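See structure below.
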Amino acid sequence: MFRKVYVPIDNSDISDKVLTEAIDLVKATGAELRISHVVNLEQITFGIEMVGVAELKDALLNIGKTLIDQVKAKISQSGVNADVKLIENYGSDIATLISEDAREFGADLFILGSHHLGSFSHFITGGIAEELAHDTQIPILLITKHKQK
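Using numbering that gives the first Met the number 0, the letters of the sequence shown map in sequence onto residues 0 to 148.
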């Protein structure tokens, strides 16, 4: 059985479903849970001396902190204990950051959401879940938006 579950989240609709599934699994197994959110600050670090960049950085971090606060509230209501972490990214590959944090935590399961963007959107945006699947030896439970028929 899994003992340490790692759940990276973003501001998407699927993240709430992923979090619910993670809570249910942790309740059923007694596993430890770490939830992370990466705030990608790469696009603003090159122009740090420009007017307004500090405010933009603060705004992005505040959005991330708001998400983390919402997650903490949901975790608290569920009765589950979790380590909830905000990761600031200044140019590293997001999947690599998540993978490294999961290894440091000792994770033996990822729970990830899949956005099902379609082939063109996926080509343009890539996919963190797909990158992690290629980058890690940790098993992955993939949660999708599709409803069962």
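Yeah, the Cβ is synthetic: ideal placement off N, Cα and C, and Gly gets one too. Source: prediction; values computed, not measured.
A101 and I137 look like a contact to me (Cβ under 8 Å); what is the Cβ gap, rounded to whole Å? 6 Å
May I ask you to report which of helix, strand or coil DSSP gives F104? helix
Backbone CA spacing between H36 and T65 [nearest angstrom]: 11 Å
Specify whether the stretch 0-8 and the stretch 50-64 touch according to this definition: at least 3 beta carbon pairs, one from each stretch, less than 8 Å apart. no
Based on Cα-Cα distance, which residue from M0, L18, I13, D12 lies nearest to D82? L18
What are the boundary residues of the beta strand (DSSP E) that T65 is part of? Not the beta strand (DSSP E): T65 falls in the alpha helix (DSSP H), residues 52-77.
Got a sec, what are the start and stop residues for the beta strand (DSSP E) S35 sits in? 31-39
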